[in-house]
Each structure stands twice: as structure tokens, then as C-alpha cells.
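Residue numbers (the working numbering): 241 to 498.
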């Protein structure tokens, strides 16, 4: 009996301690005010741990436009404001230099900077000038999609089952790297259709990358070195792998970077 009572008391104490180090709304308001006082348009904002994102957006969501929330990655943002609790760090903070920090009742705020990537071609933005070949269920278009339970602005292409669609950019400006991400959109089709997708990238006829991605892989990165050019041919070939691969909503975003 005493052992059961001791276990019950321990569970009560443990339950109380779980939330004891979680900052309250007053702390978040102070932290948000500190960010607002220093924030400039175009600054990126991130929260850590990731499950704390809804709380952070409650206080600073108006400073996170849709294009920022649906970004391909964080490389083009020079300044980052990271708001974190319990000593966590956002993935976007990696490789950046800390220039300021403050603590507001358990909410740590850090200002971090690095040189932003220079984009020579945003292939999603340039889609209107591309040539489309192959068996597509509908013409590829730029959309805001859910991929890996996160929003992403990307080119969505739906090949017919076991077929490929090629999106050809005949005269793209290239720098030293081509960086992109790809994944399968829509949680419901991922649940019902389990076949993978594949994306191949070719530059002037040479294969730069080939990625096969499944329903659980999320937003998958690919990249490769390129020769600077003012008019390179870049082809993205999306394939719905398998005869049962209906509704393979393949979404990709890519940039040529200096």
C-alpha cells in the first residue's frame, strides 16, 4: 500500500515538473516585443523546438508572410530571429553567427546572421517560360502545397502512372550550384497511394541529380555543382514510379545559386 502511495505521489510530482519550465504568455509577449523592436522586413523568424511553432506564431505570425512560411529553405535569408525554450535550437540557426541574445522568462531570443545565398534562377518563378513534355495529368503549375506536413511553394507536376513528365528550361542562368527539394504533396493521397516518385535533373544533357522519394520522406534535398552560364538547358524529369502510382503529386522547388 505504501509503495502504491509513493508511486502516485511521484507521478503527481513528475506531472507538475513537466510544465514547470514552460514559459507563460507574459514571457512570450516580452520576447516578441524585443524582436519587433529590432526586426527588419525580410528577416526570417524561427521557433524551437518545432512543436512550439504555434505558440510563436500566435505572437509573431504577422511578421511571417506566406512566401517565408512556404520557403524552399533558409539560405537566402541573411538575418534570423530564433525564439526557443528549454535550450533548443532551430535547424535554421546552423552555420550562422550570433550577434545578439536576450532571455525573457525562459524564452531565449537570438539574432543570427550569415551572408545570404545569391539566386541566379528561381525555377518555380521561371516556370511560365519552360517547355513541358510527356504524359501529365494536368499542366505543371506553381502552387502552395503541403509536403511532409509543412507548407512549401513549389512546382506541382502529376505524371500519369508509370510515366514521366519533363520540364525543360532552355536558357537558364546558372551559378556554381543548383540546389533543390522535392517530395510528395497531400497527406491523403500519400495515405492511399504508397508508390514513390522520382526526380532527375539534367544540365546541358548531363545528369546532376536523381532522387527517389516515398510517402514518408518529406521534403528531400538535392544539389550539385554547376558551371556558371547565362543560357544553360536545365531539365527536371518527374516520374510516377509504378503502374499503381496514380495521383503522384510531385512537388519540387529549385534555385541556381552563385
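All C-beta atoms, glycine included, are put in the ideal place defined by N, C-alpha and C.
Output yes or no for whether 8 Å exceeds the beta carbon distance between residue 559 and residue 408.
Because the chain in this structure spans residues 241 to 498, residue 559 falls outside the shown range and cannot be described.
Since residue 498 contacts residue 402 with CB under 8 Å, what's their CB separation in whole angstroms?
By 1-based counting over the chain shown, the position of residue 498 is 258. By 1-based counting over the chain shown, the position of residue 402 is 162. Not quite, the Cβ-Cβ distance comes to about 38 Å (not below 8 Å), so this is no contact.
Tell me, please, which residues DSSP counts as bridged to residue 287.
Mapped onto the chain shown, residue 287 falls at position 47. 323.
Give the range of the beta strand (DSSP E) segment to which residue 391 is assigned.
Residue 391 sits at position 151 when you count from the first residue of the chain shown. Per DSSP, the continuous beta strand (DSSP E) segment holding residue 391 begins and ends at 390 to 397.
Flag residue 406 as yes when its Cβ comes closer than 7 Å to any non-hydrogen atom of the ligand MN, and as no otherwise.
This structure lacks the ligand MN; in fact it carries no ligand of any kind.
Measure from the alpha carbon of residue 456 to the alpha carbon of each residue in 420, 390 and 404, then state which is nearest.
Stepping through the chain shown from its first residue, residue 456 is reached at position 216. That would be 390, whose Cα lies nearest to the Cα of residue 456.
Run the CB neighbour count on residue 314, radius 10 Å, all protein chains shown included, and call it buried at 16 or more, exposed below.
Indexing the chain shown from 1 puts residue 314 at position 74. Looking at its Cβ environment, which holds 16 or more other Cβ atoms inside 10 Å, residue 314 is buried.
Start and end of the beta strand (DSSP E) containing residue 451?
In the chain shown, residue 451 corresponds to position 211, counting from 1. Start and end: 446 to 453.
Please report how far the alpha carbon of residue 305 lies from the alpha carbon of residue 473, in whole angstroms.
Numbered from its first residue, the chain shown carries residue 305 at position 65. Numbered from its first residue, the chain shown carries residue 473 at position 233. Taking the straight line from one Cα to the other gives about 32 Å.
Segments of 3+ residues assigned as beta strand (DSSP E) that fall wholly inside the region 415 to 484
Entirely contained in the region 415 to 484, the beta strand (DSSP E) runs reaching 3 residues are, in chain order, 417 to 424, 437 to 443, 446 to 453, 460 to 465 and 469 to 480.
Report the start-end ranges of each beta strand (DSSP E) in the region 343 to 384 that is 3 residues or longer and not cut off at the edges.
Segments of the beta strand (DSSP E) lying fully in the region 343 to 384: 347 to 353, 359 to 362 and 371 to 374.
List the whole-angstrom C-beta distance separating residue 337 from residue 354, where the pair is believed to meet the contact cut-off of C-beta under 8 Å.
Taking the first residue of the chain shown as 1, we reach residue 337 at position 97. Taking the first residue of the chain shown as 1, we reach residue 354 at position 114. Yes, they are in contact, since the Cβ atoms of residue 337 and residue 354 sit about 6 Å apart, within 8 Å.
With a threshold of 16 other CB atoms inside 10 Å of the CB of residue 459, please say whether the residue is buried or exposed.
By 1-based counting over the chain shown, the position of residue 459 is 219. Per the 10 Å Cβ criterion, buried.
Report yes if the C-beta distance between residue 363 and residue 495 is below 8 Å; otherwise report no.
The residue given as residue 363 occupies position 123 in the chain shown. The residue given as residue 495 occupies position 255 in the chain shown. Going by C-beta atoms, residue 363 is nearer than 8 Å to residue 495.
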